[in-house]
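Here's the structure, in structure tokens; my notes come after.
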Amino acid sequence: MKKIIFMTILCMAGLATNAQQKSKVLPPIIDREVFFGDPEISGSKLSPNGKYISFIKPFNGTRNIWVKKAGDPFESARPITADTKRPISSYFWSHDNKYILYAQDKGGNENFMIYAVNPMDKKAAGQEVPLSRNLTDKENVRVQIYAVPKSNPDLMYIGLNDRDPAWHDLYELKISTGELKLMRENKDRMVAWIFDLKDKLKLAMRSNEDGSTELLKVEPKGFTKIYSTNLLESFNPVYFHTDGAQIYMETNKGDDVNFSKLILFNINNKKETLVESDPEKKVDFGSVSFSENTHQMIATSYEDDKTRIYWKDKNYESDYKLLKKQFKGMEVSFNNSTKDEMTWLISVYSDTDPGSVYLFDRNTKKTLLQYKSRPKMPIQDLSPMRAISYKSSDGLVIPAYLTLPKGIPAKNLPLIVNPHGGPWARDGWGYDSYAQFLANRGYAVLQSNFRSSTGFGKKFLNAGNKQWGDLMQDDLTYGVKHLINKGIVDPKRVGIMGGSYGGYATLAGLTFTPDVYACGVSIVGPSSLLTLLQSIPPYWEAGRKIFHERMGDPTNPAGEAQLKKQSPLYAVDQIKVPLMVVQGANDPRVKKAESDQIVLAMKDKNLAVEYICAPDEGHGFQRPVNNMAFLAAAEKFLAKHLGGRYQESMPDEIAKRLKEITVDINGIAKEEKIDMSTMSVATPSKDLKAGTYEFNVKLDAMGHKMDFAQKIEVKDQGEYWTVTDVMDMPMGALKDVGNIKKGSLELLKRSVDQGPVNMLVNYSATEADCKINMSGQKSEHKIKLNHANLADGPGAFLVISSLPLNDTYKALLYHTDLQKMEEKIMSVIVTGSEKVKNKDCYKVEIKSVNGDPGMSTLWVSKDETARVVKYEIVIAEMQGATMLGEAK
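The sequence shown maps to residues 740 to 1627 in my numbering.
Dropping the structure here:
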């Protein structure tokens, strides 16, 4: 008997030892495809009448829209779109069930167009799916959707920036025909149009030059301002009240207001009524939901460490509690319903479960599983995400999320810092594919909500102003220190990997804190804040002032110096560890040049750098083949430098694509600076002549093609010439007038007028005094000059043609850059001869000696008239827009 007991104890001890050993082993490697491959089914929606369920699923290798009858199995569904170039990410049903509408861009350029497809149509001739119609077939025009009226389900109210790339005009779009009707031409800096519950246009939002935002009441003959916030405040109209006179708004207006709140605002008498703010006084107001039938409030929510919900509708609250009881430990969200709001598609998910979708009948209280988005995911092997906090360098408490690898002790682990993009965004609790992927490979993952993150109050947001690379970077560094001090992280095995702002933070981490990290992966990250701000998309014009306030103002010397100091490009010699750079060639936000220049700078200093650039992607990778190729390279890169695990195998298609998008850094061209030592300052050899010069001009800005006339008049005023240059542009006439000294052709005075903007510049030998009036907001800038300005502003090309041009001519010009408010030195070089309009011409190129983007090219006739026959301008501030002028 004793022997049996002894053997039993031995067996139990053995089992305990085995269990302990197993608990110290990472789970099996989960295939990349399971994490990042297309979900089998996603994005499901009920048709308003409840008869059909639509969803997104791969078709011919790309995510497309499918439809099935609500009661049928998913296997019976049929595809209704067949896009092969870009996956479809979102869509919606028209209110009358006739159409499914979706948006697509080209290659990631973010110029979205609206498409419509009738899901009941038969296959188009020679196609596998019904015909999809492009309702806004305008090249390189970005669509915004403002409202989809219930009163007329065949209409949509949209914005198009086809007239002016920076601003969207308001259109009525007829879905059935694609007919467009202009409702409002936007010449007043409007950024939103707001319709009431009866689908009547009631309000508009305007972004002013100073960064303030106004809420305007739309009147028959104009607008009336009824609410406004300054540059560092914000408001957001959410939903009209049933009385039509009040609107629910989120706002943080007021010096004494930190956390945003929900108010009811009366658009007639401007009275404000507080509806709700965070009961725990910890975070901003989150969101509010309303019934589309009764227009009554259903619930409010707040995103704290986890989301908190406050129910206003007792019936919905009862349903929610029932579902939470059924799905213990899971989060439940109401996604989409039938028109009567009695049948819902709900999502059930957690930090360790990517989620399942159920059909919920509010009458019977029954749920029916529809699908799991990633059924092959071994959720038992995933790692919990937990909320933590720590103090930064100045004592500010930073909220964050930590995901630890499962199965091994939390001691001396390799760490990946994974900063979010934005930076005016935040990370939240829940399933995160990157966090789980990296944890499965053996890394601890830190996702910090550094200052500038949204949702934590105005003070926390504004604490990040002008702190890129400084305190914002400290918030990441001190997170690493916190985990090292707790013994969780090995200080020699810390990496950083992020996208967009997270890509910048990666570059900043390697340059400004080079001893913290062992490697970095920067995904679409800007390397220079100066060039980033120079190349923002034109439709971001409304936010330019806010960028300057939150990041830094490149138009003044102090701001430029600050931005340069915070730009990793200019501190590249401090990098000590390997870097991988990932870029989309069509990125409209962070241009490819941002990645090119940091890679070149590292190559020139013989620093370890790898470069992946996909020609068919934009701001982040959408095509699965590109995403899988990049991730295969990234996890191997991280494993090499941090000691984590990686999956060696990959399909042939992925290996082939990785080879295609891996860039040979020796093939990247570098912009050469001009040698000024061989050049003297330009001096005219002849004077101007009174007369009129006319050009036909073609402007191509972001694909927007515009034709207009240009007229230059030169008048003799005795001691000086007056040159008046007028461009009759579609967005308003531009008038540029200059006084030019006779003989020397130095610029004495300049006045620029376009719409509400006026600039007046007086020049002396040492200074340019610039006064600006933008819609009544005045400012003055004094710019130090080292030399008289020549061939700058109106009549510039006429002055160039007055120089002693020959086949080898080259000289320097001094200009005043009214964008940056600084003096700029330009080179003027004859680069060859060409025949234009049957005239032998000198080809003359004018560009910055410092290699700044942008260039002007003139073709000047060689005969005694020295006439400018043609010119071409590349405008860097408009993302490389070109303006081509030909003499009449």
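Just so it is clear, CB atoms sit at the ideal spot from N, CA and C, and this is done for glycine as well.
Cβ neighbours of residue i in the same chain (closer than 6 Å, five flanking residues each side left out)
i     : result
I1612 : S1595 and M1622
D1319 : According to the sequence provided, residue 1319 is Met. The question's Asp does not apply to it. Once the five neighbours on either side are set aside, the close Cβ partners of M1319 are V1260, E1349 and F1376.
M895  : V887 and L912
W805  : F794, K796, A816 and P818
S946  : R928, V930, T952 and A1281
Y1309 : K1303
E867  : A821
K1425 : S1541
Whole-number beta carbon distance between residue j and residue i, since they are thought to touch under 8 Å
i     : j     : result
V1022 : D1043 : 5 Å
L970  : S951  : 6 Å
D908  : R928  : D908 to R928, Cβ: 12 Å. No contact.
P787  : W832  : 6 Å
E972  : N991  : 6 Å
Q1386 : R771  : 6 Å
Buried or exposed (CB count within 10 angstroms, at least 16 for buried), residue i
i     : result
K1609 : buried
D949  : exposed
E1333 : buried
L942  : buried
R734  : Outside the shown range of the chain (740 to 1627) lies residue 734, about which nothing can therefore be said.
A1535 : buried
P1153 : buried
T1033 : exposed
beta-carbon residue i near the ligand SAM non-hydrogen atom, thresh 7 Å
i     : result
A1202 : No copy of the ligand SAM appears in this structure; indeed no ligand is present at all.
Helix, strand or coil at residue i [DSSP, three-state]
i     : result
Q1212 : helix
Q759  : For Q759, the pLDDT reaches just 34, beneath the cut-off of 50, and the residue's location in the model is therefore unreliable, although a value from the coordinates is still provided. In this structure, Q759 counts as helix in the three-state DSSP scheme.
R902  : strand
P1307 : helix
M1565 : strand
T1103 : coil
F774  : helix
P1153 : strand
M1622 : strand
D927  : coil
I1400 : helix
T1245 : helix
D908  : strand
L1552 : strand
Q1273 : helix
R1384 : coil
F1376 : helix
Y1059 : helix
Y1256 : coil
P1296 : helix
T1250 : helix
I1223 : helix
F1434 : strand
P695  : Because the chain spans 740 through 1627 in this model, residue 695 falls outside it and cannot be assessed.
Residues near residue i in its chain [Cβ-Cβ closer than 8 Å; skip 5 each side]
i     : result
Q760  : For Q760, the predicted model reports a pLDDT of 36, less than 50, meaning its position is unreliable and no value from the coordinates is stated.
F1024 : E989, F998, S999, K1000, L1001, E1015, S1016, D1017, T1039 and Y1041
Q1065 : T1106
M1418 : K1549, A1550, L1551 and S1566
A1247 : W1207, G1208, Q1212, Q1305 and P1307
S1572 : D1546, D1579, C1580, Y1581, K1582 and K1601
Nonlocal neighbours in the same chain, by C-beta distance under 7 Å from residue i, ignoring five residues either side
i     : result
N1054 : none
M1341 : V1311, I1314, L1318 and V1348
L940  : W932, F934 and V957
S762  : Its pLDDT being 48, under 50, S762 is placed unreliably by the model, and the measurement read from it follows with that caveat. Around S762: G1146.
K837  : N857
K1285 : For the record, residue 1285 in the displayed sequence is Ile; it is not Lys. Closer than 7 Å at Cβ, skipping near neighbours: G950 and L970.
I780  : F794, K796, F813, Y1110 and S1112
Below-8 Å beta-carbon distance, residue i vs any chain B residue
i     : result
S1192 : Checking the listed chains, one finds no chain B in this structure; it contains a single protein chain.
Would you list, in sequence order, the uninterrupted beta strand (DSSP E) runs of no fewer than 3 residues that lie entirely inside the stretch 830-890? 830-832, 839-843, 852-856, 871-873 and 882-886
Which runs of the beta strand (DSSP E), 3 residues or longer, sit entirely within the stretch 1115-1203? Here the runs fully enclosed are 1124-1130, 1136-1142, 1152-1156 and 1183-1187.
Complete runs of the alpha helix (DSSP H) confined to the stretch 1490-1557 [at least 4 residues]: 1535-1539
4-residue-minimum alpha helix (DSSP H) runs that sit fully inside the stretch 998-1069, ordered along the chain: 1053-1065
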